[in-house]
Amino acid sequence: MSMDRREFMKIAALSAVFGVGGPLLMGKLGARNLEASEFGLTPGGKRAKRWAMVIDVSKIKGPADYARITRACRKAHNVPVIPDPKHEVMWIWTDDYEHVFEGTDNPYMEANVKDQTFLLMCNHCDHPACVRVCPTKATFKRPDGIVMQDYHRCIGCRFCMAACPYGSRSFNWVDPRPYIKDPNPTYPTRMIGVVEKCTFCVERLDQGLDPACVLASNGAMVSGDLMDPNGPVRKLLASNFTLRRKPDLGTSPNVYYVIAVIGGGKNA
Ligand code: SF4
Ligand code: SF4
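Encoded structure:
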């Protein structure tokens, strides 16, 4: 889904309205304190003050690499493969430069960059529009920056989908379970009528593991703490030219794309 700044501002204004309605709904549903600890922060897990991802698309060589990465996420999280594109559920997917960096196009960008395919996912934004509009607090941001979805609180209103300027969320229009080939018994499946998206692999981070896509990317994707100046994310950001999607919207996305290796480093 694409969205320009004007549309985004309209949604932001609507969220102010639902900010008033939200507490009423919360009272009806019963207040519940969604602490990070409810999602399994256990000893030995990976920790960060602010999780971020860096993707170097130049290291992803072709369709087989992209398929391996997206398949790893599907397999880990029981993401269904639904043939009808109107009902598709996507946690990580691909698109071209023109769509990914819509509105930030540089006519002088090297043709080889414009010809590349980019991986897209939830950006786990610092200021997530999706969280702001959710009337039941089903979507929320953890203290470490990961934006989560509580499927049991989701009422299927899809305000979060309308608010997200990156199209990072999918709605289960049909029961997804018949469309999961070879289900992973260690990860929950979802039900019809709820929204889902990438979780930055919280369940794997909590076991001290890298996200499934990072593991499958053979070094093209790096996950880590944006606040650690000596960590791998900050080292990559300091030494490469990177772009983020739609930085002018004020959401402050935490997925960075390495565009070309340069000496000094400059980040959008
Ligand atoms: S990318 Fe979209 S769904 Fe993800 S945190 Fe940002 S606004 Fe929310
Ligand atoms: S971080 Fe995890 S949930 Fe997000 S796209 Fe990668 S594998 Fe999927």
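Heads up, the sequence shown is in the numbering used here, so the first residue is 4 and it goes up one at a time. Beta carbons: idealized from backbone N, C-alpha and C, even for Gly.
Burial check for Thr45: the Cβ neighbour count within 10 Å stays below 16, so the residue is exposed. Counting only runs of 4 or more residues that sit fully inside the region 142 to 196, the alpha helix (DSSP H) segments are 162 to 166, in chain order.
Only buried fits Val57, as 16 or more other CB atoms lie within 10 angstroms of its CB.
For the 7 Å CB-CB criterion, Tyr182 and Ile85 form a contact. Going by beta carbons, Leu252 and Ile262 fall outside the 7 Å limit.
The three-state reading of DSSP puts Ala51 in coil, since its state is none of H, G, I, E or B. In terms of CA proximity to Val198, Asp178 leads the group Phe104, Asp178, Pro66. Proximity to Thr189 across Asn81, Arg156, Tyr169 peaks at Asn81, based on C-alpha coordinates. Short note on Met151: C-beta not closer than 6 Å to any heavy atom of ligand 2. Residue pairing by DSSP places Ile58 opposite Met224, Tyr260 in a beta bridge. Secondary structure of Asn115 (DSSP, three-state): helix. Residue range 66 to 80 is occupied by the alpha helix (DSSP H) that includes Asp68. In the three-state reduction of the DSSP assignment, Leu218 falls in the helix class. At a Cβ-Cβ threshold of 7 Å, Asp59 and Ala223 count as neighbours.
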